[in-house]
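Chemist:
Protein chains: 2
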Amino acid sequence: MRFTKVVVVGIDETKLEPAYWQRIESLADVLQRVDVVGEKLVVDADCLLVGFETVVDAVTIEKMPNLKYIGVLGTAYDRVDVAAAKDRGVIVTNLPGYSTEAVAEWVFGVLLEHLRNLSRAKQEAAKGNYGPAGFSGSEIMGKVFGVVGLGRIGTRVVEIALGFNADVRYWSRTRKNEMETRGVKYEELDELVRQADFLSLHVTGTSDTENLLNRERIMGMKTGAIIVNTVSMRTIDVDALEERLKRGDVTLIRMHSRSLTGEQWKRLSRYQNMVVYPAFTNVTNEANQAREEMFVRNVERFLAGKPENVIN
Amino acid sequence: MRFTKVVVVGIDETKLEPAYWQRIESLADVLQRVDVVGEKLVVDADCLLVGFETVVDAVTIEKMPNLKYIGVLGTAYDRVDVAAAKDRGVIVTNLPGYSTEAVAEWVFGVLLEHLRNLSRAKQEAAKGNYGPAGFSGSEIMGKVFGVVGLGRIGTRVVEIALGFNADVRYWSRTRKNEMETRGVKYEELDELVRQADFLSLHVTGTSDTENLLNRERIMGMKTGAIIVNTVSMRTIDVDALEERLKRGDVTLIRMHSRSLTGEQWKRLSRYQNMVVYPAFTNVTNEANQAREEMFVRNVERFLAGKPENVIN
Chain A
140 MRFTKVVVVG
150 IDETKLEPAY
160 WQRIESLADV
170 LQRVDVVGEK
180 LVVDADCLLV
190 GFETVVDAVT
200 IEKMPNLKYI
210 GVLGTAYDRV
220 DVAAAKDRGV
230 IVTNLPGYST
240 EAVAEWVFGV
250 LLEHLRNLSR
260 AKQEAAKGNY
270 GPAGFSGSEI
280 MGKVFGVVGL
290 GRIGTRVVEI
300 ALGFNADVRY
310 WSRTRKNEME
320 TRGVKYEELD
330 ELVRQADFLS
340 LHVTGTSDTE
350 NLLNRERIMG
360 MKTGAIIVNT
370 VSMRTIDVDA
380 LEERLKRGDV
390 TLIRMHSRSL
400 TGEQWKRLSR
410 YQNMVVYPAF
420 TNVTNEANQA
430 REEMFVRNVE
440 RFLAGKPENV
450 IN
Chain B
140 MRFTKVVVVG
150 IDETKLEPAY
160 WQRIESLADV
170 LQRVDVVGEK
180 LVVDADCLLV
190 GFETVVDAVT
200 IEKMPNLKYI
210 GVLGTAYDRV
220 DVAAAKDRGV
230 IVTNLPGYST
240 EAVAEWVFGV
250 LLEHLRNLSR
260 AKQEAAKGNY
270 GPAGFSGSEI
280 MGKVFGVVGL
290 GRIGTRVVEI
300 ALGFNADVRY
310 WSRTRKNEME
320 TRGVKYEELD
330 ELVRQADFLS
340 LHVTGTSDTE
350 NLLNRERIMG
360 MKTGAIIVNT
370 VSMRTIDVDA
380 LEERLKRGDV
390 TLIRMHSRSL
400 TGEQWKRLSR
410 YQNMVVYPAF
420 TNVTNEANQA
430 REEMFVRNVE
440 RFLAGKPENV
450 IN
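These protein sequences, in sequence, are chains A and B.
In terms of this note's numbering, the first sequence opens at residue 140 and continues consecutively.
In terms of this note's numbering, the second sequence opens at residue 140 and continues consecutively.
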């Protein structure tokens, strides 16, 4: 089985290696790129391939009578109305887990960078300043390492933190017995946030997790605590966070994202304890390749009648 | 029991917190600081406290008839003639293990900094460049992580690498069964160096380990391999290393040290694949405190007739 018309929206041609585009082309009579869904030409598509920031709402789905499949190039799929798709019998797939390791390793990279002043140290050495004067640091071992949310990424963060001999504790919607037998202590969220020297957030971005680190929790954090947040900033009460950043007694390490407005980023970035990185948390060669492979394979499996990574 | 005269050489007053100096002062009738051992005033000392770079040779020891104890502020003690001390009944102590975790965690910090371009990324974000363009990265998971030498630090590096799900392999003078049952594979050194994606050196600096990574081994390393070396540069054939750095297909990450001459540092630092940090590998609050505490405690235990951390 093959598609009559594959339409690609919101996916830059460079996002996939040519070999992957060729595999997609071989599965369709026509492959067409458009900038915005809803254009006239899209109406007859039976396959829609979209970036994770492309909005595909119920009205759009309604307009496409032949649509059978929506493939999202990403793990998040909150821009697609998956319920509306389901009602119309349209399968939606995403890419779970391709960047698990990329994100989990990044958490430890940026944490150690911060704890050991690695960027500044490299700059000093480049200037010929080789002495240890002016450097201090602290260790992961023995610290209370709190992980919020034990999905794929959170679980890997826990396992790596165990390797560092941290005092690893977690909160998650469901208890994880296997982790607890490995010495990871479950705590109620209030308690976990209060105890943590390091707090790593790995909940999914839903309405349930909005404002999860609310004012009370943020204000109750230990002096010197470090939050590494690789999920939506909507999980954090930004005003309360700003108060702690202003005092300088809590640090947030974070990649840039659209979950804050430009104005909010500007406001927070004034504080020395706000460490901002570009949006490259999940960028590794391994993750890139896994993402491309999984994206194309999802299409192939659907056509083979054995769809994988179906959301709805 | 207390000392009549404690002489301190090569230890800057700021190297110990005042509370630790007070504990030392309380153990002696006289505490005296000198710049060089062998000065006249030192002759009657019964306790010598020295920095790890202070030379205490047989002639010096011979000149000090009352000497009973030499305390070295460091793990390395190759500047002290411990055999001569032993002949004269002088106990020498050092500080083993105080910075095990500081060094082991540093290895992963600098490796991840390099793999994920963290310094450059921070700089880009500071300039307002928030996009992922221009970044790539690679992961620790699944890579051949070779550890040379399984003493305290090497063992911790292995354990942390296991947390990252690396393919951890080792060479050490003696086989470590416990590690092997945890899935760490023993390899002959030639083989280990050839296979490694990452190679972390943790041998002690003795004549046995000089030129351990000899020309043949360095030239046989994989394209793209990364060496993290926190021990003496005398373990590496610098000319062969330079050839690989010039080709740009092997990377060395390293803190500055006196195991290379200034000219050698300058020569190697020209290459982009030579990543140099200041000499701050073992600088953490935890290690600093453990070092000071152990140093003073060594003196106290000696006086209590129960010496600890005795080398000779």
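Every residue gets a Cβ at the ideal spot worked out from N, C-alpha and C, and that includes glycine.
Quick one, are the C-beta atoms of A:E457 and A:R218 less than 8 Å apart?
Modeler: Any question about residue 457 of chain A goes unanswered here, given that chain A covers just 140 to 451.
Chemist: Anyone know if the C-beta pair for B:A158 and A:Y416 falls short of 8 Å?
Modeler: It is not a contact, given that the beta carbons lie outside the stated cut-off.
Chemist: According to DSSP, is B:T294 part of a helix, a strand, or is it coil?
Modeler: Correct three-state label for B:T294: helix.
Chemist: Measuring alpha carbon to alpha carbon, tell me which of A:E240, A:S238, A:G290, A:V189 ends up nearest A:D220.
Modeler: If we check each option's Cα against that of A:D220, A:V189 comes out closest.
Chemist: Hey, is the stretch 207-214 of chain B in contact with the stretch 234-248 of chain B, meaning 3+ C-beta pairs nearer than 8 Å?
Modeler: Touching, yes, given that three or more Cβ pairs across the two stretches are closer than 8 Å.
Chemist: Between which two residues does the beta strand (DSSP E) containing B:N368 stretch?
Modeler: Residues 364-368.
Chemist: Looking only at its chain, what residues have a beta carbon closer than 8 Å to the beta carbon of B:A167, apart from the 5 residues adjacent to it on each side?
Modeler: These residues qualify, in order along the chain: R141, F142, T143, K144, V145, C186.
Chemist: Near A:L380, which residues of its chain fall below 6 Å by C-beta distance, leaving aside the five closest residues on each side in sequence?
Modeler: The residues are I357.
Chemist: Below 8 Å on the Cβ atoms is my contact criterion, and I expect B:E349 with B:T369 to pass it. Report the Cβ-Cβ distance as a whole number of Å.
Modeler: No, B:E349 and B:T369 are not in contact; Cβ-Cβ is about 16 Å, not under 8 Å.
Chemist: What residues of chain B sit near A:T423, judged by a beta carbon separation below 7 Å?
Modeler: What A:T423 touches in chain B: G276, S277, E278.
Chemist: When the Cα of B:T320 is compared with those of B:L338, B:D336, B:E298, which residue comes out closest?
Modeler: Taking only the C-alpha atoms, the option nearest B:T320 is B:E298.
Chemist: Tell me the DSSP bridge mates of B:A167?
Modeler: In DSSP, B:A167 forms a bridge with B:F142.
Chemist: With a 10 Å radius around its C-beta and 16 neighbouring C-beta atoms as the bar for buried, classify B:N437 as buried or exposed.
Modeler: Classification of B:N437: buried, given that the 10 Å Cβ count is 16 or more.
Chemist: Whose C-alpha, out of A:L257, A:R354, A:S238, is nearest the C-alpha of A:H341?
Modeler: Comparing Cα-Cα distances from A:H341 to each of A:L257, A:R354, A:S238, the minimum goes to A:S238.
Chemist: Strictly under 8 Å for the Cβ-Cβ distance: is A:E240 near chain B by that measure?
Modeler: Taking Cβ atoms only, chain B reaches closer than 8 Å to A:E240, which makes this a yes.
Chemist: List the residues that DSSP assigns as beta-bridge partners of A:D106.
Modeler: Residue 106 of chain A is absent from the structure shown; chain A starts at 140 and stops at 451.
Chemist: If I follow the unbroken alpha helix (DSSP H) through A:M116, where does it start and stop?
Modeler: Nothing about residue 116 of chain A can be read from this structure; chain A reaches only from 140 to 451.
Chemist: Beta-carbon within less than 8 Å of A:I392's beta-carbon, same chain only, minus the 5 sequence neighbours each way: which residues are those?
Modeler: Counting only Cβ-Cβ distances below 8 Å, and skipping sequence neighbours, we find V249, L250, H253, I365, I366, V367, N368, V414, Y416.
Chemist: Count the other CB atoms, across all protein chains shown, that sit within 10 Å of the CB of A:K445; report buried if there are 16 or more and exposed otherwise.
Modeler: So A:K445 ends up on the exposed side.
Chemist: Determine, using beta carbons only, whether B:V246 and B:S339 come nearer to each other than 8 Å.
Modeler: Contact flag set, yes.
Chemist: Determine which residues share a DSSP beta bridge with B:I375 and list them.
Modeler: B:I375 pairs with B:L352.
Chemist: Whole angstroms are fine: how far does the CA of B:A335 sit from the CA of B:T345?
Modeler: Straight-line Cα distance between these residues: approximately 23 Å.
Chemist: Give a yes or no on whether the C-beta atoms belonging to B:K282 and B:R308 are separated by under 8 Å.
Modeler: Cβ atoms of B:K282 and B:R308: not closer than 8 Å.
Chemist: Using a Cβ-Cβ cut-off of 7 Å (strictly less than) and excluding sequence neighbours within five positions of B:F419, which residues of its own chain qualify?
Modeler: Contacts found: M394.
Chemist: Residue range of the alpha helix (DSSP H) that B:G248 falls in?
Modeler: 239-255 is the span of the alpha helix (DSSP H), which, as asked, contains B:G248.
Chemist: Since A:G359 contacts A:V332 with CB under 8 Å, what's their CB separation in whole angstroms?
Modeler: Indeed, because the Cβ distance is near 7 Å, the residues count as touching under 8 Å.
Chemist: Which class does A:S339 belong to by DSSP, given the choice of helix, strand or coil?
Modeler: In the structure shown, A:S339 sits in a strand (DSSP, three-state: E or B).
Chemist: Are the CB atoms of B:M280 and B:N304 within a distance shorter than 8 Å?
Modeler: Yes.
Chemist: Which bits of chain A does B:K266 rub up against, with CB to CB less than 9 Å?
Modeler: Within chain A, no residue comes near B:K266; the closest Cβ sits about 10 Å away, beyond 9 Å.
Chemist: Does any C-beta atom of chain E lie closer than 8 Å to the C-beta of B:K361?
Modeler: Included in the structure are the protein chains A and B, with no chain E among them.
Chemist: Please classify A:S275 as buried or exposed, where buried requires at least 16 other C-beta atoms within 10 Å of its C-beta.
Modeler: Exposed, by the Cβ-count rule.
Chemist: Who does A:I392 pair with in a DSSP beta bridge?
Modeler: Answer is A:V367, A:V414.
Chemist: So A:I299 contacts chain B; which residues on that side make the cut at Cβ distance below 7 Å?
Modeler: Correct list: G302, F303.
Chemist: For B:R312, which of B:R397, B:E326, B:A300 has the nearest alpha-carbon?
Modeler: Residue B:E326 is the option with its Cα nearest to B:R312.
Chemist: Spatial neighbours of B:A215 within its chain, please: CB distance less than 8 Å, with the 5 preceding and 5 following residues excluded, ordered by chain position.
Modeler: If we look at B:A215 and ignore the five residues flanking it on each side, its Cβ neighbours are F191, N233, G344.
Chemist: For A:G363, count the other beta carbons within 10 Å of its own beta carbon; 16 or more makes it buried, fewer makes it exposed. Which is it?
Modeler: When all chains shown are included, A:G363 counts as exposed.
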